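Read through the structure below, which is laid out as structure tokens, and then see the notes.
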Amino acid sequence: MITCSKITEIFCLVDEFCKKYSQVIDKALLGNKSKPSCGMSSSQIIMIIFQHSSMGNLKHFYLNYL
């Protein structure tokens with residue numbers, strides 16, 4: 173089972189990645205620099221946590237862990 177500290181660590185890693193990715197995209201954009209916001213949806217975060225858990229069934233993970 174994943175602990176709360178592990179979930180926090182994963183979230184921080186993803187957040188740092190999004191910030192760095194956003195900086196790279198800002199440098200690469202041409203023109204008016206309109207861009208989509210960089211962020212992760214709650215479903216993407218749930219999937220990352222599921223992939224790092226030892227559970228093999230997403231429905232079981234979602235119903236019993238969240």
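Going letter by letter, the sequence shown gives residues 173 to 238 in this note's numbering.
All C-beta atoms, glycine included, are put in the ideal place defined by N, C-alpha and C.
Fair warning: this is a prediction, and the values are worked out from it, not measured in the lab.
Proximal residues to residue i (C-beta, below 7 Å), its chain only, five neighbours per side dropped
{"i": "Ile233", "result": "First, the amino acid is wrong: residue 233 is Phe here, not Ile. Phe222, Ser225, Met227, listed in sequence order."}
{"i": "Leu230", "result": "Phe222"}
Supposed close pair residue i, residue j - CB separation, criterion 8 Å
{"i": "Met212", "j": "Val186", "result": "6 Å"}
{"i": "Phe183", "j": "Ile217", "result": "7 Å"}
Start and end residues, alpha helix (DSSP H) containing residue i
{"i": "Leu230", "result": "230-237"}
{"i": "Ser215", "result": "214-224"}
{"i": "Leu185", "result": "176-200"}
Beta-carbon proximity list for residue i, same chain, < 8 Å, skipping 5 on both sides
{"i": "Ser215", "result": "none"}
{"i": "Thr175", "result": "none"}
{"i": "Lys178", "result": "His224"}
Other residues of its chain near residue i: CB distance less than 6 Å, five sequence neighbours each side excluded
{"i": "Gln195", "result": "none"}
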